[in-house]
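Note sheet for the following structure.
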């Protein structure tokens with residue numbers, strides 16, 4: 092079986108090389124069958140990566156500890172669901188997952204475009220670019236990090252890191268990887284457009300949904316990761332500016348900028364060079380993110396593995412970045428804008444400001460991530476960049492971005508007069524002002540930053556509401572019918588715009604949640620003996636004692652705490668520790684298990700962490716208590732984000748008909 | 362054995378375009394010639410121009426664009442749409458305004 096796995100990876104490497112070399116030749120010589128053959132090699136490479144993945148998966152399910160990778164990341168007692176997630180719990184498996192998804196995406200995009208003559212030349216060049224990326228990953232899996240290395244099978248495996256034994260770990264890495272890998276598609280098409288000299292909007296339209304899907308998946312994956320950190324890591328927060336968290340955020344920010352500026356290209360034929368640069372940035376950062384996670388270059392909670400991959404990844408990232416930038420430079424004359432910016436008060440100008448802020452935020456985060464490496468290189472001593480650095484830039488760029496989300500939708504394309512802008516802004520600005528005054532009266536002034544963030548959030552929500560109301564009224568006036576029908580027609584006629592507004596609403600909810608939980612939170616620490624109580628805000632906590640029980644492969648030690656709010660019992664919370672046995676050793680691996688009580692009506696969480704629990708009767712517990720207001724809006728934002736993304740991604744029958752009609756018109760012209 | 366079958370299947374998939382079509386009359390990658398491509402570009406320009414007109418009219422209706430801004434912008438946009446239509450239809454009806462142009466003008 093391992094031989095077959097190794098052979099499948101070698102075959103995948105061969106097929107990817109074929110797609111790269113023969114695909115380049117076919118595109119250069121303009122040979123149809125050769126180009127189809129290269130595209131088919133990508134389909135077959137997906138099959139080969141699928142077989143390798145199935146074999147590794149089977150080894151996990153059968154507890155085949157003859158596989159070094161399986162023995163290092165699984166054990167007999169590990170529940171079946173986590174044996175599945177152990178597949179991508181380490182370096183070799185996650186790289187195989189990358190390859191599987193990459194070849195899957197490549198096969199799908201090639202299949203999807205097989206009959207589209209408009210993008211045929213671009214696809215012909217995109218195939219070797221996709222092949223190049225697949226060559227890199229399959230070569231790494233064959234030569235450096237094979238998951239099919241064998242050993243004399245031990246009686247049991249080392250097990251999976253306890254932090255990864257969480258339902259979120261079944262989905263979070265998959266969504267992130269779909270996002271990372273999906274960004275290869277716009278990159279390959281952008282390079283295909285440059286290589287084929289077809290730099291019109293064809294490649295943008297052909298990859299729009301792929302990019303959106305990758306971006307949505309990366310965004311949702313990060314929210315899942317944040318929730319995992321919140322409920323599993325047990326420090327009371329959800330985002331710690333960890334390098335690997337940042338590694339997923341950076342390509343998402345670059346892709347967000349691209350998704351906005353590409354609308355300017357489609358609409359006005361502007362920002363063509365900028366869009367190319369954003370696609371390159373997003374893809375390079377997705378490679379960089381994989382490198383950070385897998386090379387172990389930065390110590391972080393996510394870097395569970397270390398290996399010799401650094402040089403390979405750095406070499407490939409440099410090759411891809413410099414090669415693609417060189418190509419943009421070479422094709423610069425083809426990327427001239429069709430039109431110019433007419434006014435600083437226009438939708439396209441708002442998109443430009445939004446892009447500058449997003450890219451500035453992305454690059455400052457990149458600088459923070461790189462700083463420990465650079466400082467070690469220069470001074471011989473690594474110095475980490477901490478939260479305050481990132482928080483400062485998040486405030487500096489994030490608040491203007493928030494306001495722009497409200498301003499952008501209200502400005503028309505090309506130009507708007509100041510008078511009409513003031514008229515349009517009157518209603519959202521009034522709502523924002525009223526909200527700000529009301530919040531000040533209610534006591535939100537304890538944090539000036541929070542008050543500003545909430546006021547801006549109210550402005551954005553009001554402008555989104557105004558867009559839906561005014562649009563529905565106009566649609567109703569135009570076509571009559573029912574009001575829900577008018578709303579449905581409004582969204583159906585421009586899914587990208589109105590789906591985008593729903594995504595904006597999700598970002599506003601996220602901003603409110605982040606501001607509430609980080610600027611208005613309360614933290615208390617105390618040591619309590621059984622029978623003693625602690626008051627935190629409106630809550631009163633009474634420590635009853637500790638319990639211990641066996642659950643699956645974990646020994647669970649819990650502190651039993653009764654909770655009251657304003658004299659009313661809210662039930663019992665049991666924060667504690669889980670001890671996981673390490674096969675072949677006497678000691679255990681311990682994880683912190685926080686206890687959370689969520690109030691979905693107010694969005695507030697009571698978050699308990701038992702720092703230390705005495706197991707004996709009468710022993711004390713060191714308790715940390717956090718009250719996180721509005722934190723649940725962050726998770727609610729995840730659902731709204733998915734809903735908005737789905738609206739945007741939903742196939743547009745009108746656009747399809749328009750495209751079909753455009754091609755249908757060719758016939759009479761030829762006659 | 363399984364490996365050999367899989368390798369053979371891969372060879373078949375890769376060679377399939379040549380096996381299915383061993384002696385093609387035309388093996389060029391491009392199906393569209395320059396005139397067809399030009400027509401497609403013109404059709405895309407027409408669709409973009411018409412969409413711009415529709416969008417401006419809708420924005421005017423929702424109050425996002427004032428009467429003054431609307432009057433200043435709609436003329437050039439309609440002219441551009443008409444030019445795109447004329448360019449697309451010129452081989453057939455070069456001289457007089459077409460039905461679609463009238464549609465743009467009086468919508």
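Chains as they are written, first to last, in the numbering used here: chain A, 92 to 762; chain B, 362 to 468. All residues carry an ideal CB built from backbone N, CA and C; glycine is no exception.
Does the beta carbon of residue 414 of chain B come closer than 8 angstroms to any beta carbon on chain A? For the purposes of this step, residue 414 of chain B is taken as residue 53 along the second chain, with counting starting at 1. Interface flag for residue 414 of chain B against chain A is unset, since no Cβ pair is found closer than 8 angstroms.
In chain B, what lies closer than 9 angstroms to residue 212 of chain A by C-beta? What you label residue 212 of chain A is simply residue 121 of the first chain in a count that begins at 1. 390 and 391, listed in chain order.
Contact list for residue 109 of chain A against chain B, beta-carbon separation under 8 angstroms: Here residue 109 of chain A corresponds to residue number 18 of the first chain, with the count starting at 1. In chain order: 375.
DSSP beta-bridge partners for residue 218 of chain A? Your numbering for residue 218 of chain A matches position 127 in the first chain. Note: residue 218 of chain A is not bridge-paired with any residue in the DSSP secondary-structure output.
Residue 102 of chain A CB to nearest chain B CB: under 8 angstroms? Here residue 102 of chain A refers to the residue found at position 11 when the first chain is read from its first residue. Residue 102 of chain A counts as touching chain B.
*DSSP state of residue 392 of chain A, grouped into three classes?*
What you label residue 392 of chain A is simply residue 301 of the first chain in a count that begins at 1. In this prediction, residue 392 of chain A has a pLDDT of 45, which is less than 50 and means its spatial position is unreliable; nothing more can be read from the coordinates.
- Query: Hey, how far is the Cα of residue 413 of chain B from the Cα of residue 358 of chain A?
  - Reply: In the second chain, counting from the first residue as 1, residue 413 of chain B sits at position 52. In the first chain, counting from the first residue as 1, residue 358 of chain A sits at position 267. Going by C-alpha positions, residue 413 of chain B is about 8 angstroms away from residue 358 of chain A.
>> On the DSSP letters alone, give me the boundaries of the beta strand (DSSP E) that residue 636 of chain A sits inside.
In response: What you label residue 636 of chain A is simply residue 545 of the first chain in a count that begins at 1. Residue 636 of chain A -> beta strand (DSSP E) spans 630 to 642.
- Item | residue 193 of chain A beta carbon less than 8 angstroms from that of residue 158 of chain A | Locating residue 158 of chain A in the first chain gives position 67, counting from the first residue. Locating residue 193 of chain A in the first chain gives position 102, counting from the first residue. Contact: no.
### Query
Nearest CA to the CA of residue 453 of chain A: which residue from A/485, A/549, A/585 and A/501?
Here residue 453 of chain A corresponds to residue number 362 of the first chain, with the count starting at 1. Shortest Cα-Cα distance from residue 453 of chain A to any of A/485, A/549, A/585 and A/501 involves A/485.
*Listed from N- to C-terminal order along the chain, which residues in the stretch 498 to 511 of chain A have their beta-carbon within a distance smaller than 8 angstroms of any beta-carbon of chain B?*
Residues 501, 502, 503, 504, 505, 506, 507, 508, 510 and 511.
* If the cut is a Cβ gap below 9 angstroms, which residues of chain B does residue 139 of chain A touch? -> Taking the first chain and counting its residues from 1, one reaches residue 139 of chain A at position 48. Those are 367 and 371, listed as they occur along chain B.
Anyone know if the C-beta pair for residue 262 of chain A and residue 419 of chain B falls short of 8 angstroms? Residue 262 of chain A sits at position 171 when you count from the first residue of the first chain. Residue 419 of chain B sits at position 58 when you count from the first residue of the second chain. Cβ atoms of residue 262 of chain A and residue 419 of chain B: not closer than 8 angstroms.
**Prompt:** Is there contact between the stretch 110 to 129 of chain A and the stretch 365 to 383 of chain B, where contact requires at least three CB pairs shorter than 8 angstroms?
**Reply:** They touch, by the three-pair rule.
With a threshold of 6 angstroms on Cβ separation, who are the neighbours of residue 687 of chain A within its own chain once the five nearest residues in sequence on each side are excluded? Position 596 of the first chain, counted from the first residue, corresponds to residue 687 of chain A. Residues 696 and 698 of the same chain have their beta carbon placed closer than 6 angstroms to that of residue 687 of chain A, with the five preceding and five following residues left out of the count.
Am I right that residue 544 of chain A and residue 490 of chain A are in contact with their C-beta atoms under 8 angstroms? What's the rounded C-beta distance? Along the first chain, one-based indexing puts residue 544 of chain A at 453. Along the first chain, one-based indexing puts residue 490 of chain A at 399. Contact flag correct, Cβ pair sits at about 7 angstroms.
Original post:
Is residue 671 of chain A helix, strand or coil by DSSP?
Top reply: As a position in the first chain, residue 671 of chain A is number 580, starting the count at 1. In the three-state scheme derived from DSSP, where H, G and I count as helix and E and B as strand, residue 671 of chain A is classed as strand.
### Residue of A/535, A/152 and A/114 minimising C-alpha distance to residue 167 of chain A
Counted from its first residue, the first chain places residue 167 of chain A at position 76. Out of A/535, A/152 and A/114, A/152 has the C-alpha closest to the C-alpha of residue 167 of chain A.
If I measure Cβ to Cβ from residue 273 of chain A and keep anything under 7 angstroms in the same chain, skipping five residues before and after, which residues do I get?
Here residue 273 of chain A refers to the residue found at position 182 of the first chain. So the qualifying residues of the chain are 196, 301, 304, 305 and 308.
Exercise. Could you confirm whether any beta carbon from chain A is found closer than 8 angstroms to the beta carbon of residue 446 of chain B?
Key: Mapped onto the second chain, residue 446 of chain B falls at position 85. Not closer than 8 angstroms to any Cβ of chain A, the Cβ of residue 446 of chain B fails to qualify, so no.
Segment limits, alpha helix (DSSP H) that includes residue 451 of chain B: Stepping through the second chain from its first residue, residue 451 of chain B is reached at position 90. Unbroken run through residue 451 of chain B: none, as it is neither H nor E.
- Helix, strand or coil: how does DSSP classify residue 168 of chain A here? Taking the first chain and counting its residues from 1, one reaches residue 168 of chain A at position 77. Residue 168 of chain A falls in the coil class under three-state DSSP.
>> On the criterion of 16 or more Cβ atoms from any shown chain inside 10 Å, does residue 163 of chain A qualify as buried, or is it exposed?
In response: One-based indexing of the first chain puts residue 163 of chain A at position 72. Taking all protein chains in view, the Cβ of residue 163 of chain A is crowded by 16 or more other Cβ atoms within 10 Å, so the residue is classified as buried.
**Asked** In chain order, what residues of the stretch 423 to 440 of chain B put their CB closer than 7 angstroms to some CB of chain A?
**Response** Answer set for the stretch 423 to 440 of chain B: 423, 424, 425, 426, 427, 429, 430 and 434.
Classification of residue 476 of chain A by the beta-carbon crowding that lies within 10 angstroms, buried from 16 upward | Residue numbering aside, residue 476 of chain A sits at position 385 when the first chain is read from its first letter. Its Cβ being crowded by 16 or more others within 10 Å, residue 476 of chain A is buried.
_Beta-carbon within less than 6 angstroms of residue 320 of chain A's beta-carbon, same chain only, minus the 5 sequence neighbours each way: which residues are those?_
Looking up residue 320 of chain A in the first chain gives position 229. 329.
Chain A contact residues for residue 364 of chain B, given Cβ-Cβ distances below 9 angstroms: For the purposes of this step, residue 364 of chain B is taken as residue 3 along the second chain, with counting starting at 1. Below the 9 angstroms Cβ cutoff, chain A contributes 94, 95, 98, 99 and 102 as neighbours of residue 364 of chain B, in chain order.
Worksheet item: Of the residues A/399, A/235, A/222 and A/731, which one's Cα is nearest the Cα of residue 113 of chain A?
Response: As a first step, residue 113 of chain A is located in the first chain; it is residue number 22 there, counting from the start. Residue 113 of chain A has its Cα closest to that of A/222, out of A/399, A/235, A/222 and A/731.
Do residue 612 of chain A and residue 718 of chain A count as a contact pair if the criterion is CB distance below 8 angstroms?
Counting from one through the first chain, the residue named residue 718 of chain A turns up at place 627. Counting from one through the first chain, the residue named residue 612 of chain A turns up at place 521. Cβ atoms of residue 718 of chain A and residue 612 of chain A: closer than 8 angstroms.
**Prompt:** So which of A/576, A/734 and A/401 has the shortest CA-CA distance to residue 598 of chain A?
**Reply:** Translated into the one-based positions of the first chain, residue 598 of chain A becomes position 507. Distances from the alpha-carbon of residue 598 of chain A to those of A/576, A/734 and A/401 put A/734 closest.
**Assumed close pair residue 233 of chain A, residue 101 of chain A - CB separation to whole angstroms, cut-off 8 angstroms** = For the purposes of this step, residue 233 of chain A is taken as the residue at position 142 of the first chain. For the purposes of this step, residue 101 of chain A is taken as the residue at position 10 of the first chain. The pair is a contact, with the Cβ atoms about 6 angstroms apart (cut-off 8 angstroms).
Legend entry - Alpha-carbon to alpha-carbon, residue 694 of chain A and residue 683 of chain A: Working through the first chain from its first residue, we reach residue 683 of chain A at position 592. Working through the first chain from its first residue, we reach residue 694 of chain A at position 603. One C-alpha to the other measures close to 24 angstroms.
request  = Note down, in chain order, each residue of its chain lying with its Cβ closer than 6 angstroms to the Cβ of residue 140 of chain A, except the 5 sequence neighbours on either side.
outcome  = On the first chain, position 49 is the one that residue 140 of chain A refers to. Around residue 140 of chain A: 103, 190, 191 and 194.
Compute the Euclidean distance between the alpha carbons of residue 420 of chain A and residue 344 of chain A, then round it to the nearest angstrom. Working through the first chain from its first residue, we reach residue 420 of chain A at position 329. Working through the first chain from its first residue, we reach residue 344 of chain A at position 253. When the Cα atoms are used, residue 420 of chain A and residue 344 of chain A turn out to be separated by approximately 24 angstroms.
Q.
Against chain B, with Cβ distances strictly below 8 angstroms, would residue 368 of chain A count as a contact?
A. Here residue 368 of chain A refers to the residue found at position 277 of the first chain. Cβ-Cβ to chain B under 8 angstroms: no for residue 368 of chain A.
On the premise that residue 238 of chain A lies in contact with residue 147 of chain A, defined as a C-beta separation below 8 angstroms, what is that separation, rounded to the nearest angstrom?
-> Translated into the one-based positions of the first chain, residue 147 of chain A becomes position 56. Translated into the one-based positions of the first chain, residue 238 of chain A becomes position 147. Between residue 147 of chain A and residue 238 of chain A, the beta carbon gap of about 5 angstroms places them in contact (Cβ cut-off 8 angstroms).
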